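Using UniProt numbering, you'd call the opening residue of the sequence shown number 1 and step up by one each time.
Ideal Cβ positions, reconstructed from N, Cα and C, are used throughout, including at glycine.
Predicted model, so just to flag it, every value in this text is computed and none were measured.
First the structure, in the form of structure tokens, and then the observations on it.
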Amino acid sequence: HLKIVNGISQVFISCFRYDIKALIGCGSFSRVVRAEHRRTRQPFAIKLLEVKGREGHEACQAELGVLRRVNHSNVIRLAEVFETQHRIYLVLELATGGELLERVVARGTFRERDATKALMMVSSGLHYLHTLGVIHRDLKPENLLYYHPGQDSRLIITDFGLAKDWAVRTLCGTPEYLAPEMLAQRPCSSAVDMWALGVITYILLSGSLPFDQSSRPRLFRVILRGSYSFHGDVSPWKSVSTLAKSFIDCLLTLEPECRMTAEETLKHPWLVSMAACSSNKNLHRSISRNLQRRASRASSRCPSSGSTPGEMNCIISGCQGKKLKDEKCT
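Following this line, the structure appears as structure tokens:
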């Protein structure tokens with residue numbers, strides 16, 4: 001008889017040198033717990049992947065396949081793996097510094113320079129992944145974790161359950177971060193991650209989403225049109241530098257071939273100079289207020305209310321009448 005703790009066999013894990021301490025979170029095919037190595041007392045995160053059905057099997061293999069290949073300071077590291085017939089246990093380094101946006105809100109100040117520090121680390125991790133031919137496909141602030149609470153902590157890209165190699169067509173990911181070519185069901189490359197990085201940068205500097213609608217059909221339409229602006233009722237954009245806006249524009253480019261690559265982001269003058277030409281104004285108040293408004297709106301409406309396959313086809317065909325083309329592309 002196995003003792004089950006938060007859905008994970010305590011006996012099984014104990015046999016492999018770890019004691020379970022607490023549940024961290026749950027996903028569609030997984031649970032994550034905080035654990036401790038019995039001998040060294042070093043903390044780890046153990047992710048249990050359920051190998052059930054085709055989707056569960058694909059998610060497990062995608063994540064495991066990526067984690068076995070990567071070794072970079074800005075990508076989550078795999079310590080070891082245990083497998084049974086229906087489960088895979090991934091022992092991962094434990095990130096205790098919180099999510100990217102949690103760190104932003106917790107700070108008393110947040111300037112463009114702070115944003116460039118975070119984005120430099122994310123871009124470095126993405127460049128490494130893309131060099132390996134890996135597309136994350138679900139890049140968002142919730143999947144960017146600080147390793148420890150200190151100011152000098154590295155930022156880590158996590159959650160590779162949707163990661164794939166090049167040229168995939170599957171529509172997946174978090175709606176607000178989906179690239180237009182994914183919605184248009186065109187072959188996708190690493191450029192989808194760069195679009196998501198553009199969305200993240202926009203949020204990081206304003207606390208607002210560049211594409212924010214009350215329903216998925218409307219959301220997908222504005223994404224397919226690339227309709228965003230640097231305005232807002234409570235907007236810090238007047239204080240944001242032209243170079244920062246240029247960085248976003250180069251990422252939120254409709255045509256993926258014209259979109260900035262991870263390697264190019266690392267050479268962009270805004271990141272390279274660490275926002276040296278910015279006003280150095282504290283954006284924290286506006287960002288925090290907008291994030292709170294966004295959270296309040298999200299809780300008052302159903303985030304998944306949206307489009308049927310028929311509606312999705314109408315949205316796509318309507319927007320494909322105009323070729324996905326970006327006037328900002330040079």
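Beta-carbon proximity of residue i to residue j, cut-off 8 Å
i	j	result
L139	D193	yes
L94	A22	no
E150	N74	First, the residue type needs correcting, since residue 150 is Gly and not Glu in the sequence shown. Contact: no.
L219	P175	yes
N282	G207	no
L251	L224	no
A59	G161	yes
L209	R294	yes
W195	R259	yes
A115	I135	no
P43	R31	no
Length of the line joining the Cα atoms of residue i and residue j
i	j	result
G157	K238	Per the sequence shown, the amino acid found at residue 157 is Ile instead of Gly. The alpha-carbon atoms of I157 and K238 are separated by roughly 30 Å.
D249	L205	13 Å
P256	F110	31 Å
S123	R107	22 Å
R169	M121	Here R169 scores only 48 on pLDDT, less than 50, and its place in the model is too uncertain to base an answer on.
R68	L78	7 Å
P180	V222	9 Å
L155	H127	14 Å
S246	G27	36 Å
Y177	G25	22 Å
S229	L90	41 Å
L254	C277	27 Å
G198	S153	22 Å
R39	D212	49 Å
L92	E83	14 Å
S296	S214	13 Å
E263	A118	16 Å
T201	Q85	41 Å
residue 362	E55	Limits of the chain in this structure are 1 at one end and 330 at the other, which puts residue 362 out of reach.
V104	E36	29 Å
H231	L266	26 Å
L101	H72	22 Å
V70	I76	8 Å
R17	G53	29 Å
Q292	R216	21 Å
Q185	D159	23 Å
H268	C188	24 Å
Y279	T261	In the sequence as presented, Tyr is not what sits at residue 279; that position holds Ser. Going from the Cα of S279 to the Cα of T261 covers about 27 Å.
R41	Q61	29 Å
H284	A275	16 Å
Distance between beta carbons of residue j and residue i, contact taken as under 8 Å
i	j	result
H57	V51	5 Å
S286	S235	7 Å
L49	E63	7 Å
E112	V240	7 Å
S190	H148	S190 to H148, Cβ: 29 Å. No contact.
E99	P141	6 Å
Y146	G226	Contact doesn't hold; Cβ gap of about 31 Å is too wide.
One or two residues paired with residue i in a DSSP bridge
i	result
residue 332	With the chain covering 1 to 330 only, the question about residue 332 has no answer from this structure.
residue 342	This structure cannot settle anything about residue 342, because the visible part of the chain is limited to 1 through 330.
Y18	H37
Residue i Cβ short of 7 Å to the ligand MN heavy atom set
i	result
I156	Judged by which ligands are present, the structure shown has none, so any question about the ligand MN falls away.
- Go through the stretch 40–126 residue by residue and report every complete run of the beta strand (DSSP E) that reaches 3 residues or more, in order. Taking 3 residues as the minimum length, the beta strand (DSSP E) runs contained wholly in the stretch 40–126 are 43–50, 78–83 and 87–93, in order along the chain.
- Give, in chain order, every unbroken run of the beta strand (DSSP E) that is at least 3 residues long and sits entirely within the stretch 177–223. Segments of the beta strand (DSSP E) lying fully in the stretch 177–223: there are none.
- beta strand (DSSP E) runs wholly inside the stretch 263–294, at least 3 long, in chain order: Listed in chain order, there is nothing to give.
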